[in-house]
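Here the sequence shown is numbered in our numbering, starting from 278 and rising by one per residue.
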Amino acid sequence: MAVATDTFTEKTDEQKAITEMVRQFADNEIIPVAEEYDHEDKFPEPIVEQMKELGLFGVTIPEEYGGMGLDLTTYAMIVEELSRGWISISGVVNTHFIGSYLLMKFGTEEQKNTFLPKMATGEIRAAFSLSEPEVGSDVQGIKSTAKQADDGQWEINGQKMWVTNGLRSGLVFVLVKTDTKADPPYKGMTCFICEKEPGADKVPGLTIPPKIKKMGYKGVESTELVFDGFKVPEDRILGGPEGLGEGFVQMMDALEVGRVNVAARGVGVAQRSMELALRYSQERKTFGKPIAQHQAITFKLAEMGTRLEAARLLTMKAARMKDAGERSDLEAGMAKLFASEAAKENAEDALRIHGGYGYSKEYEIERIYRDAPLLLIGEGTSEIQKMVIGKKLLQRNRA
Ligand SMILES: Cc1cc2nc3c(=O)[nH]c(=O)nc-3n(C[C@H](O)[C@H](O)[C@H](O)COP(=O)(O)OP(=O)(O)OC[C@H]3O[C@@H](n4cnc5c(N)ncnc54)[C@H](O)[C@@H]3O)c2cc1C
């Protein structure tokens, strides 16, 4: 039998305080207006302004650069709450978080000092760009290139696809090939820090076509970036001269924490779906009793709740391992796979529980059902997660 030790706590007092603050923010400022922004596919500017005031763009940025200096675990808790409110709100923060991670881990002192303080306040927001029209999962197959001109500057050419926050961001971390003949290809890939005017759809060397129309995940824009001789100064290779040829490794590292981030978004979606299902199933009556009392529905609720808890535990474990400085690639992959599938399944179960009303735009679950599938795709599809998980399991358990 287990020996009793300390009382079980999921969160420290600081984590409780901050997640409670973000939950109230979601309840008061996000949930009441999310449908309106979603239906109009409108960027939630006033909400983003409030997030700046709350310091939510600097959660993981060290205090010396003006951020809160919190760990990945606390960040994941915050993302869960934002995503519970509306996945698009966490989307505004998500790419920014990956950009700040790239700078904190790989940036030169000059790059950190230049960008992190403005990123901590949200004055500039970041996006990241790997995907292209013909390439998503197979990142080493990208075709965009950068060549160094005689004046030392680099010129980027090529087309990027699906860049979340592509228009409104002031910084984009762009992965391109600087050596197209490198073997293996990843050794010839470099990440450039591209500065641009937020909101401008045309700047010299870069055109941003109108945002891509999506089934869900509305409000926050996803765009193409068409580079045609876009100039980047020599000192804007991520990590300086030593960063040349390191872009793939840098981006894959960032995607590992990105997976914990997506997992946390999945937990938020699964949580909100559960809340809506619990409420509706106790209000709606059929055959003389609330539908929650029909065993088929009770069982559905039981499955949803169990899935939610498992998703949260996997996510917290991956985040805590990363914070402890341990390898967490396997755990981050498992968390991302399970939590994104849990989000999609809980959204579908909640929609079923709502019957016909789940299909109505008057009900929140209709939006969540359209939003959830994004999580199966971004930061590596479920199939890619399974490839990562399987490979890591075999590596860690060699026969
Ligand atoms: C709304 C949205 C926002 C996004 N934001 C960003 C962003 O900010 N920055 C960015 O760089 N990208 C972004 N992406 C792109 C996203 O990362 C890619 O869509 C994703 O990596 C999948 O790539 P793909 O769409 O090209 O699909 P493909 O790679 O063409 O895959 C198609 C299908 O084949 C499967 N598949 C592929 N290879 C294998 C394999 N070896 N074995 C088994 N199955 C396989 C996939 O799982 C998928 O089911 C975004 C995408 C969306 C939809």
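Glycine included, C-beta positions come from ideal geometry on N, C-alpha and C. Only a predicted model underlies this, so the values are computations on that prediction, with no experimental measurement involved.
Taking a C-beta distance under 8 Å as the contact criterion, Val534 and Leu652 do not qualify as a contact pair. In this structure the stretch 339-347 does not lie against the stretch 518-526, because fewer than three pairs of beta carbons, one per stretch, are closer than 8 Å. Listed in chain order, the non-local C-beta contacts of Lys319 below 7 Å within the same chain comprise Gly496, local neighbours out to five positions each way being set aside.
Residue pairing by DSSP places Met466 opposite Lys454 in a beta bridge.
Set against 7 Å, the gap from the CB of Phe615 to the closest heavy atom of ligand 1 is not smaller. Per the coordinates, the alpha-carbon of Phe469 lies some 34 Å from the alpha-carbon of Ala311. Between Phe334 and Met396, the CB-CB gap stays under 8 Å. For Val325, the closest C-alpha among the options Lys420, Glu400, Gly493, Tyr636 is that of Glu400. One alpha carbon belongs to Arg584, the other to Ala540, and they sit about 13 Å apart.
The C-alpha of Leu407 lies about 17 Å from the C-alpha of Lys473.
The shortest CA-to-CA distance from Ala294 to any of Glu358, Glu330, Tyr314 is the one to Glu358.
Each of Ile568, Val336, Ile433 was checked against the Cα of Gly376, and the nearest Cα belongs to Val336. For Gly524, no beta strand (DSSP E) encloses it; the enclosing alpha helix (DSSP H) starts and ends at 524-560. For Val310, the enclosing alpha helix (DSSP H) starts and ends at 308-317. The alpha carbon of Arg542 has as its nearest neighbour, out of Glu330, Asp648, Ile419, His316, the alpha carbon of Asp648.
Where Leu502 is concerned, the enclosing beta strand (DSSP E) starts and stops at 499-509. By the criterion of at least three beta-carbon pairs nearer than 8 Å, the stretch 409-417 is not in contact with the stretch 384-396. Comparing C-alpha distances from Leu483 to each of Leu444, Arg561, Met593 shows the shortest one belongs to Leu444.
Per DSSP, reduced to three states, the secondary structure at Val480 is strand. Where Val440 is concerned, the enclosing beta strand (DSSP E) starts and stops at 431-441. Here Lys293 carries a helix assignment [DSSP, helix/strand/coil]. Assigned with DSSP and collapsed to three states, Thr286 falls in coil, not helix or strand. With a threshold of 7 Å, the Cβ atom of Val412 counts as near ligand 1, since some heavy atom of the ligand is closer than that. DSSP, read as helix, strand or coil, puts Phe405 in strand. Fewer than three pairs of CB atoms, one per stretch, sit closer than 8 Å, so the stretch 547-561 makes no contact with the stretch 598-615. Residue pairing by DSSP places Leu448 opposite Ala403, Glu472 in a beta bridge. In the three-state reduction of the DSSP assignment, Ile364 falls in the helix class. Taking a contact as a CB-CB distance under 8 Å, the pair Leu502 and Val440 counts as one, their CB atoms being some 5 Å apart. Here Lys479 is exposed, its C-beta having fewer than 16 other C-beta atoms within 10 Å. When secondary structure is reduced to three states using DSSP, Pro486 falls in the coil class, being assigned neither helix nor strand.
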